[in-house]
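Quick notes on the structure that follows.
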Amino acid sequence: MKKNLLKSTVAAAVLSSSIVAFSPIAYGKTTSVDLGAVKSELNKAAAQYVNPALTGQLAPSSSLYVTLNSAKQSYENTKKAINSSALSATEKAAKLSELDAAYNEKINKGLVSYIDAYNYATKYLAPIMKEMKEAEAKNDFAAVVKGYHQLSYQLKDRTSILYRFSGKAARDLLLENYKKPADAVLKELAVPVTIFMKMTELNTFQAAGKKEEALKAFAEIEALEKTLPATNKYKPTLSKEVAKLKAALTLITPTPAPVVTQEVLDTKVAALITGLNASYAKNIAVSSTVSNTLVVAIKEDTSVEAFSTGFYTTLVTGLGVTKVNGNAPTSVEALTALKMAFGEAKTLADLKGKTIVLPVTVGTELNVNFTIVFE
Numbered sequence: 000m001k002k003n004l005l006k007s008t009v010a011a012a013v014l015s016s017s018i019v020a021f022s023p024i025a026y027g028k029t030t031s032v033d034l035g036a037v038k039s040e041l042n043k044a045a046a047q048y049v050n051p052a053l054t055g056q057l058a059p060s061s062s063l064y065v066t067l068n069s070a071k072q073s074y075e076n077t078k079k080a081i082n083s084s085a086l087s088a089t090e091k092a093a094k095l096s097e098l099d100a101a102y103n104e105k106i107n108k109g110l111v112s113y114i115d116a117y118n119y120a121t122k123y124l125a126p127i128m129k130e131m132k133e134a135e136a137k138n139d140f141a142a143v144v145k146g147y148h149q150l151s152y153q154l155k156d157r158t159s160i161l162y163r164f165s166g167k168a169a170r171d172l173l174l175e176n177y178k179k180p181a182d183a184v185l186k187e188l189a190v191p192v193t194i195f196m197k198m199t200e201l202n203t204f205q206a207a208g209k210k211e212e213a214l215k216a217f218a219e220i221e222a223l224e225k226t227l228p229a230t231n232k233y234k235p236t237l238s239k240e241v242a243k244l245k246a247a248l249t250l251i252t253p254t255p256a257p258v259v260t261q262e263v264l265d266t267k268v269a270a271l272i273t274g275l276n277a278s279y280a281k282n283i284a285v286s287s288t289v290s291n292t293l294v295v296a297i298k299e300d301t302s303v304e305a306f307s308t309g310f311y312t313t314l315v316t317g318l319g320v321t322k323v324n325g326n327a328p329t330s331v332e333a334l335t336a337l338k339m340a341f342g343e344a345k346t347l348a349d350l351k352g353k354t355i356v357l358p359v360t361v362g363t364e365l366n367v368n369f370t371i372v373f374e
């Protein structure tokens with residue numbers, strides 16, 4: 000009897016040892032992994048930049064790296080816990096998917112993307128704006144122009160980074176503090192910078208003795224200067240420079256305008272179409288089947304303001320126009336009439352279906368009604 004009892008006890012002990020040996024607990028494994036704590040930490044990490052924005056403050060990126068590193072560590076530790084657990088393959092996949100979704104939303108699309116956007120705004124946009132302001136204070140317009148081109152590149156090709164993170168309040172605040180002021184500077188400088196570049200071009204023509212080219216460049220400069228509103232802070236200085244150029248250019252005797260026949264004008268129109276299609280291929284396609292008429296097919300929309308000045312200047316110089324509505328092509332009267340012809344159109348798309356008729360004088364005496372049809 001004692002022998003049987005002893006055998007039973009030994010057998011039980013062996014069975015118990017076997018169960019313990021093969022139990023997940025014996026290897027430190029667990030049959031469940033709670034994601035509540037790590038998801039709470041991820042939410043708090045994102046709140047580090049979201050909550051300040053709700054009170055009108057931008058959290059500096061330097062204050063967020065400790066939070067980011069902690070969130071990354073918790074994420075990695077939780078992944079290891081899931082992978083080393085006794086959960087089934089299906090359960091592990093579900094837990095990992097839930098964890099990855101939370102991390103992607105709160106950290107990748109949230110905290111990390113906010114840090115990238117903040118660093119971009121403060122390390123690229125802000126320094127360029129600061130340098131431009133300093134150059135302006137020193138009357139170093141060449142440096143202002145350099146900054147303008149740098150800023151233009153940033154705003155055109157890189158500011159999408161400011162829209163990639165979640166959190167509307169923080170995003171709006173970042174745009175208000177950095178992108179909006181940069182856009183305003185760029186808009187105010189667009190025409191002045193173009194004038195400055197044209198002045199440089201004119202000086203090159205003068206130095207090379209190319210008087211016709213210099214006069215054409217000045218016509219463009221004068222037309223651009225007249226489009227500057229009185230509120231533009233660069234207008235007084237540029238107006239003085241344009242006046243100086245005009246006084247200097249009166250010493251240049253232009254070649255008398257040739258007598259132009261309709262046949263000659265048709266040839267000029269053909270050449271003009273080739274030039275316009277080369278210069279504005281992205282936005283328009285120009286053709287003509289009737290004398291003194293251009294048909295402008297709009298391909299890609301852009302602002303009328305950005306398009307009209309260059310288009311008008313190319314048309315005037317290409318055809319040899321000496322008067323528009325009886326006035327000099329760059330006179331206030333001619334430019335006012337042109338503006339009225341475009342009406343309230345803000346973009347090329349607004350001009351579709353519109354026909355503009357310009358009474359022009361080509362050469363010394365050929366008067367025609369030149370028609371531009373937008374379609």
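In terms of numbering that gives the first Met the number 0, the sequence shown opens at residue 0 and continues consecutively. Glycine is no exception: its CB is placed at the ideal position from the N, C-alpha and C atoms.
{"Item": "Tell me, to the nearest whole angstrom, how far the beta carbon of Y311 is from that of L275; I am working on the premise that it is less than 8 Å.", "Value": "The Cβ separation is near 11 Å, so there is no contact."}
{"Item": "Which parts of the region 101-182 are runs of the beta strand (DSSP E), unbroken and 3 residues or longer, counting only runs that do not cross its ends?", "Value": "none"}
{"Item": "Using 8 Å as the threshold, is the region 309-323 in touch with the region 352-359, meaning 3 or more CB pairs across them?", "Value": "yes"}
{"Item": "Could you give the uninterrupted runs of the alpha helix (DSSP H) lying entirely in the region 290-327, keeping only those of 4 residues or more?", "Value": "303-318"}
{"Item": "Would you check if there are 3 or more beta carbon pairs closer than 8 Å linking the region 160-169 to the region 100-120?", "Value": "yes"}
{"Item": "Indicate whether the contact test is met: 3 or more Cβ pairs, each with one atom in the region 85-98 and one in the region 44-61, closer than 8 Å.", "Value": "no"}
{"Item": "According to DSSP, what are the bridge partners of I355?", "Value": "I371"}
{"Item": "I'd like to check one pair, L41 with I106: are the Cβ atoms closer than 9 Å?", "Value": "yes"}
{"Item": "If N231 and N291 are in contact, beta carbons under 8 Å, what's the gap, nearest whole angstrom?", "Value": "Between N291 and N231 the Cβ distance is about 36 Å, and since that is not below 8 Å, they are no contact."}
{"Item": "Closer than 7 Å by C-beta to S151: which residues in its own chain qualify, once you throw out the five before and the five after it? Chain order, please.", "Value": "L185"}
{"Item": "Using only CA atoms, which one of K71, Q72, H148, E374 lies nearest to K298?", "Value": "E374"}
{"Item": "Report the option in A88, L86, E175 whose CA atom is closest to the CA atom of L124.", "Value": "E175"}
{"Item": "Would you identify the three-state DSSP class for V285, choosing helix, strand or coil?", "Value": "strand"}
{"Item": "Which first and last residues belong to the alpha helix (DSSP H) in which N231 is found?", "Value": "Segment: none, N231 is in no alpha helix (DSSP H) and carries neither H nor E."}
{"Item": "Once the 5 residues before and after A213 are set aside, which same chain residues still bring their CB inside 6 Å of it?", "Value": "L201, F204, Q205"}
{"Item": "Identify whether N3 lies in helix, strand or coil by the three-state DSSP scheme.", "Value": "Caution applies to N3, whose pLDDT of 41 falls short of 50 and renders its modelled position unreliable; the value that the coordinates give is listed next. Looking at N3 - three-state DSSP - the assignment turns out to be helix."}
{"Item": "Measure the alpha-carbon distance for A344 versus K43 and round it to whole angstroms.", "Value": "49 Å"}
{"Item": "Check this for me: beta carbons of K234 and I220, under 9 Å apart or not?", "Value": "no"}
{"Item": "Can the beta-carbon of V263 be found less than 9 Å from the beta-carbon of L223?", "Value": "no"}
{"Item": "How many Å lie between L350 and F341 at the Cα?", "Value": "8 Å"}
{"Item": "When you compare the region 132-146 with the region 69-77, are there three or more beta-carbon pairs, one atom per stretch, that lie closer than 8 Å?", "Value": "no"}
{"Item": "Do A284 and V295 have their C-beta atoms within less than 9 Å of each other?", "Value": "yes"}
{"Item": "Going by the CB atoms, is the gap between T89 and V32 shorter than 9 Å?", "Value": "no"}
{"Item": "Measure the C-alpha to C-alpha separation of T370 and T335 and round it to an integer number of angstroms.", "Value": "18 Å"}
{"Item": "Check each candidate in T226, L244, Y279 and name the one with the smallest Cα separation from A333.", "Value": "T226"}
{"Item": "At what residues does the alpha helix (DSSP H) containing T335 begin and finish?", "Value": "331-341"}
{"Item": "Out of A142, N118, Y117, which one is the CA nearest neighbour of K129?", "Value": "A142"}
{"Item": "Please report the distance separating the alpha-carbon of I355 from that of T313.", "Value": "16 Å"}
{"Item": "CA-CA distance, K108 and Y162?", "Value": "10 Å"}
{"Item": "Assuming L188 contacts K94 (C-beta within less than 8 Å), just tell me the rounded distance between them.", "Value": "Not really, about 55 Å apart at Cβ, beyond 8 Å."}
{"Item": "Can you list, in chain order, the residues of its chain whose CB lies under 6 Å from that of K353, leaving out five sequence neighbours each side?", "Value": "F373"}
{"Item": "For S307, is the classification buried or exposed, using 16 other Cβ atoms within 10 angstroms of its Cβ as the cut-off for buried?", "Value": "buried"}
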